[in-house]
């Protein structure tokens, strides 16, 4: 009998091998989907997106509409990270 907790092998199969807290991949070589192609991209932005975007916009001296979609928020976050130097290592 093993002391390891029982887990469903299918429950986290997509996350296997991923880590948190490490260096972020170079976005110019990232093969992830374009936010415009996200299935949920037209849904309202999430709470965390809104909060982070508010911080970035303040730092950049910009104002943005509060009714952005997830995809639009992601694109603004990427742009404002470049402008403010946040999120770059």
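Numbering (the numbering used here), first residue to last: 1009 to 1097. Note that the Cβ used here is the ideal one computed from N, Cα and C, for glycine as well.
Under 8 Å between the Cβ atoms of residue i and residue j?
i, j, result
"residue 1065", "residue 1088", "yes"
"residue 1067", "residue 1092", "yes"
Can you give me the C-alpha to C-alpha distance between residue i and residue j, rounded to a whole angstrom?
i, j, result
"residue 1012", "residue 1053", "Low per-residue confidence applies at residue 1012: pLDDT is 49, beneath 50, and the placement is therefore not dependable enough to give any value."
"residue 1077", "residue 1094", "21 Å"
"residue 1085", "residue 1056", "11 Å"
"residue 1042", "residue 1080", "11 Å"
"residue 1070", "residue 1058", "14 Å"
Does the Cβ of residue i have 16 or more other Cβ atoms within 10 Å, making it buried, or fewer, making it exposed?
i, result
"residue 1082", "buried"
Starting from residue i, follow its DSSP beta bridges and name the residues at the other end.
i, result
"residue 1052", "1077"
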